[in-house]
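Residue numbers (numbering that gives the first Met the number 0), protein chains in the order written: chain C, 0 to 181; chain U, 0 to 107.
For every residue, glycine included, the Cβ atom is placed at its ideal position computed from N, Cα and C.
Scroll down for the structure; my scribbles are underneath it.
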Amino acid sequence: MAEKIGKLNELLALYGPAILFYGVAALVIASAAYAVWAKKIDHSAFSLMACFTGVAAIYALLGSDFLAVTQVIVYVGGIMILIVFGVLLTDRLPVEFRQVSRETMVQGMFVAVPVLVALLWAVLGTRWPSLPGPLTAPAPEGTTGGIGKMLLTDYLFPFEFASVLLLVTLVGAARLARGGRK
Amino acid sequence: MIPPALYEIGLTHYLVLSAILFALGILAMVSRRNAIGVLIGIELVLNAANLNLVAFGRFTTAGLQGPVFAIFVIMLAAAEAAIALAILLNLFERTGSVSVDEADELKG
């Protein structure tokens, strides 16, 4: 019995990360595909939410804890709300505009399939420079402290520039959304 | 037996996932006629790019530079989504639709 459990643990240690990765990757690709093909744009928006959450899980698998949390807060909490509001405020379209027509889907395939083939060819055909030796485990204290230090030293100018850009965006979006109403 | 390349998750696995996500985003951008669908495609493409940055940060000596770059991309994506939706609301008020085929007033 104990031997069996030990063997099971061994198998899990060997295949566990792979099972986790493939599960999350399947969720990401399936929800992204549904977001592309869904007939109604609101279904598409909610499927996109699942996709963003899956990408956050992938970041966590990659050991980027801070980025995973940022992804959930900004994408799932912020951009998704914006998109859902956009759908709610503009969804008075005739049905044929909501659907992906066969004609545009064929056009899309003409662009997307060569892009996919070229990318896969490049990714699979290149010997990527990689860390020497086995991959080190992510640091137990997380990446937040390191990212904070980098943002306030090496990347201080982009960081400050980003805050200015966000302010301009805030004002600009508010001004634009008010539109012609005086 | 299962070949080790399949279960030893490395840089290539993440890059392939990101390539698929990128292609799906391009497909949404080209095939959707609803402008919000195009925006959804753009978000998918940006997520694919971020995935690449983080994967390279983890598997090469780039270290934390990958995640830091990804944070800036997320920030730009948020700004871009806000502006895009403001423009869409204006377009909807003017023309009564958000179809990208009908928004051709600027065409010379």
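Exercise. Can you give me the Cβ contacts of residue 49 of chain C inside the same chain, cut-off strictly under 6 Å, excluding the 5 residues immediately before and after it?
Key: Only residues of its own chain outside the window of five on either side were considered, and among them 30 have a CB closer than 6 Å to the CB of residue 49 of chain C, listed in chain order.
Practice problem: Evaluate the contact criterion for the segment 120 to 137 of chain C versus the segment 34 to 52 of chain U: three or more CB pairs, one atom per stretch, below 8 Å. | Solution: The segment 120 to 137 of chain C vs the segment 34 to 52 of chain U: no contact.
Quiz item: Which two residues bound the contiguous alpha helix (DSSP H) that contains residue 106 of chain C?
Solution: 101 to 124
Quiz item: Applying the criterion that 16 or more other CB atoms from any shown protein chain within 10 Å of the CB defines a buried residue, is residue 160 of chain C buried or exposed?
Solution: Residue 160 of chain C is classed as exposed because its beta carbon has fewer than 16 other beta carbons within 10 Å across all chains shown.
Quiz item: With 16 other CB atoms within 10 Å as the buried threshold, where does residue 28 of chain U fall?
Solution: buried
Quiz prompt | First and last residue of the uninterrupted alpha helix (DSSP H) at residue 174 of chain C | solution = 155 to 177
Quiz item: Per DSSP, what kind of secondary structure is residue 98 of chain U in: helix, strand or coil?
Solution: Three-state result, residue 98 of chain U: strand.
Quiz prompt | Residue from C:82, C:17 and C:25 with nearest C-alpha to residue 41 of chain C | solution = C:82
Exercise. Select from C:103, C:176 and C:34 the residue whose C-alpha is nearest the C-alpha of residue 32 of chain U.
Key: Ranking the options by Cα distance to residue 32 of chain U, first place goes to C:103.
Quiz item: Roughly how many angstroms lie between the CA atoms of residue 130 of chain C and residue 56 of chain U, to the nearest whole one?
Solution: 10 Å
Quiz item: In terms of alpha-carbon separation, which member of U:74, U:81, U:65 and U:15 lies closest to residue 149 of chain C?
Solution: U:65
Quiz item: From residue 183 of chain C to residue 100 of chain C, what distance separates their C-alpha atoms?
Solution: Past the edges of chain C, shown from 0 to 181, lies residue 183 of chain C, and the structure says nothing about it.
Self-check item: Whole-angstrom distance between residue 155 of chain C and residue 73 of chain U, CA atom to CA atom
Solution: Each residue's Cα considered, the two are about 17 Å apart.
Quiz item: Of the choices C:162, C:176 and C:72, whose alpha-carbon is the least far from that of residue 89 of chain C?
Solution: C:176
Quiz item: Relative to the alpha-carbon of residue 124 of chain C, which residue among U:90, U:3, U:1 and U:10 has its alpha-carbon at the smallest distance?
Solution: U:10
Quiz item: Should residue 116 of chain C go down as buried or exposed, given a rule of 16 or more other Cβ atoms within 10 Å for buried?
Solution: exposed
Exercise. Report yes or no: is there a C-beta of chain C within less than 7 Å of the C-beta of residue 29 of chain U?
Key: yes
Self-check item: Under 7 Å (Cβ pairs) to chain C, residues found in the segment 57 to 90 of chain U
Solution: 57, 58, 59, 60, 63, 66, 67, 69, 70, 71, 73, 74, 76, 77, 78, 80, 81, 82, 84, 85, 86, 87, 88 and 89
Practice problem: Output yes if chain U places a C-beta closer than 7 Å to the C-beta of residue 160 of chain C; else output no. | Solution: no
Quiz prompt | For residue 33 of chain U: DSSP bridge partner residues | solution = For residue 33 of chain U, the pairing in a beta bridge is given by DSSP as U:98.
Quiz item: residue 25 of chain U and residue 114 of chain C: beta carbons closer than 7 Å?
Solution: yes
Practice problem: Over the uninterrupted alpha helix (DSSP H) stretch that includes residue 46 of chain C, give me the two end residues. | Solution: Element bounds for residue 46 of chain C: 40 to 60.
Quiz item: Got a sec? Which residues, its chain only, sit under 6 Å from residue 59 of chain C by beta carbon, not counting five neighbours each side?
Solution: Taken in chain order, the residues that qualify are 67.
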